[in-house]
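In the order they appear, the protein sequences are chains A and B.
Take the first sequence: its position 190, counting from 1, is numbered 190 in our numbering, and each next residue is one higher.
For any residue, its number in our numbering is found by taking its place in the second sequence, counting from 1, and adding 1000.
Glycine is no exception: its CB is placed at the ideal position from the N, C-alpha and C atoms.
Accompanying notes for the structure given below.
There are 2 protein chains.
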Amino acid sequence: MKKGNVAVLLSGRGSNFAAIVRSSRADGADFTVRLAVSDCGEAAGLKKAARFGIPAHHIDPALFPGKAAYETRLCELLEREKIDLVCLAGYMRLVGPVLLGRFPGRILNIHPALLPSFPGLDAQAQALRHGVKVSGCTVHFVDSGTDTGAIIAQQAVAVRSGDDVERLSRRILRQEHILYPRVISMFFAGRLQIAGRTVIISE
Amino acid sequence: MKKGNVAVLLSGRGSNFAAIVRSSRADGADFTVRLAVSDCGEAAGLKKAARFGIPAHHIDPALFPGKAAYETRLCELLEREKIDLVCLAGYMRLVGPVLLGRFPGRILNIHPALLPSFPGLDAQAQALRHGVKVSGCTVHFVDSGTDTGAIIAQQAVAVRSGDDVERLSRRILRQEHILYPRVISMFFAGRLQIAGRTVIISE
């Protein structure tokens, strides 16, 4: 059976990237991580990729005249590696029409809140400021908005008394590391179907 | 030990009202439901109250010149019965300054979603339309907004494939019936403390 080819886009430490790679190396995994790309040269995720023996690229958006040119370069790389699915994992940029147009329905993101609550930056801090007792994480298809695409899977996580951003983030992150690889497997098993805003998951 | 006196305000069938009453009649309960009040004469909850032997009142807002007069009448009733805590349970009106002013920090509401997602009417339908995979219920202190008050407790509930509004509502309602009495007990045990928007629950 041919395995699916995954690229991970990241801007930071790449903990979800590492979880996805580990899952891809488990017995029976139906995908391979072919590529890590960062918009940020200092991203620790790039070093993690090297340790995993996965090709890692820094594409600096500042070297391009605009988002379209930057994403065109990114897409060349993705297409050269025959990437089937693009997974954003702590990638701190809105995806533009070039990337969306070349990978329609094939870009995922994970967000550390139960969307539609707390989209955008610092979701865990937003949740704590709001005083919610349950937060969590969401894997969704990417569209042109900020964390607005169709939701594939969510996992609730309790907010506990005495939580600060770091403690809550860590608890949510543990669930992200389970949820994201699971959704990628669903994708390659052909189990995800988008109907309007709803993602139908077949058995 | 003196038990706390609860009034339930409702507009509909009163299923949370019934759950609260049942809980109040369990061994060791620290509150009694003294009163059910509905703004709607046809509310099935009023008949439920009669069956429970709990005084039930219909106060028709249309008979008053405005919300302040209506709530003044409501407060007379609540104060006559020495109500400590007002629980909204499917009460379809925004609470105004008269009631808020006479029961500061002593009005609760339950909402069938994980706030701040899906406030207002038809929360379960909103959740299904948005395509979330996790919804739930929230008990919160009431302020002058629509489901905006400080959150006390939340319970996540899975959205399943094939859910319609009725199935999802039923699944959430089962959790509401557990969560709401539990929070009322916390209130009377003196375990709830509001700090800004955050409710601290002591052990």
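With residue i and residue j assumed to form a contact (beta carbons below 8 Å), what rounded beta-carbon distance in angstroms separates them?
i                       : j                       : result
residue 186 of chain A  : residue 192 of chain A  : 6 Å
residue 89 of chain A   : residue 17 of chain A   : 5 Å
residue 1075 of chain B : residue 1034 of chain B : In fact, because the Cβ distance is near 14 Å, the residues do not count as touching under 8 Å.
residue 54 of chain A   : residue 43 of chain A   : Residue 54 of chain A to residue 43 of chain A, Cβ: 14 Å. No contact.
Taking CB distances under 9 Å as the criterion, tell me whether residue i reaches chain A.
i                       : result
residue 1011 of chain B : no
residue 1116 of chain B : yes
residue 1153 of chain B : yes
residue 1146 of chain B : no
residue 1142 of chain B : no
residue 1085 of chain B : no
residue 1121 of chain B : no
residue 1128 of chain B : yes
residue 1015 of chain B : no
residue 1033 of chain B : no
residue 1189 of chain B : no
residue 1156 of chain B : yes
So, is the C-beta of residue i closer than 9 Å to a C-beta in chain B?
i                      : result
residue 207 of chain A : This structure leaves residue 207 of chain A out entirely; chain A is present only between 1 and 203.
residue 131 of chain A : yes
residue 168 of chain A : no
residue 138 of chain A : yes
residue 150 of chain A : yes
residue 125 of chain A : no
residue 282 of chain A : The structure shown has nothing for residue 282 of chain A, since chain A only spans 1 to 203.
residue 200 of chain A : yes
residue 161 of chain A : yes
residue 134 of chain A : yes
Cα separation between residue i and residue j?
i                       : j                       : result
residue 13 of chain A   : residue 1170 of chain B : 42 Å
residue 1141 of chain B : residue 1151 of chain B : 6 Å
residue 1027 of chain B : residue 1164 of chain B : 37 Å
residue 210 of chain A  : residue 133 of chain A  : Because chain A here runs from 1 to 203, residue 210 of chain A falls outside it and cannot be looked at.
residue 149 of chain A  : residue 97 of chain A   : 14 Å
residue 1094 of chain B : residue 1008 of chain B : 15 Å
residue 72 of chain A   : residue 78 of chain A   : 10 Å
residue 1200 of chain B : residue 1121 of chain B : 28 Å
residue 3 of chain A    : residue 31 of chain A   : 5 Å
residue 1059 of chain B : residue 1006 of chain B : 18 Å
residue 1011 of chain B : residue 1115 of chain B : 21 Å
residue 1047 of chain B : residue 1040 of chain B : 12 Å
residue 1144 of chain B : residue 1188 of chain B : 23 Å
residue 1174 of chain B : residue 1153 of chain B : 15 Å
residue 1109 of chain B : residue 1084 of chain B : 15 Å
residue 1049 of chain B : residue 1056 of chain B : 6 Å
residue 107 of chain A  : residue 38 of chain A   : 15 Å
residue 23 of chain A   : residue 1092 of chain B : 48 Å
residue 167 of chain A  : residue 1156 of chain B : 20 Å
Can you tell me whether residue i is buried or exposed? The criterion is at least 16 other CB atoms within 10 Å of its CB, across all chains shown.
i                       : result
residue 176 of chain A  : buried
residue 1063 of chain B : exposed
residue 138 of chain A  : buried
residue 1111 of chain B : buried
residue 162 of chain A  : exposed
residue 181 of chain A  : buried
residue 1198 of chain B : buried
residue 45 of chain A   : buried
residue 1051 of chain B : exposed
residue 66 of chain A   : exposed
residue 1147 of chain B : buried
residue 195 of chain A  : exposed
residue 1190 of chain B : exposed
residue 127 of chain A  : buried
residue 1019 of chain B : buried
At a threshold of 8 Å, does residue i count as lining the ligand PLP (C-beta to nearest heavy atom)?
i                     : result
residue 13 of chain A : The ligand PLP is absent from the structure shown, which contains no ligands of any kind.
*Compile a chain-ordered list of the residues in the region 168-183 of chain A whose CB is closer than 8 Å to at least one CB of chain B.*
Correct list: empty, as no residue qualifies.
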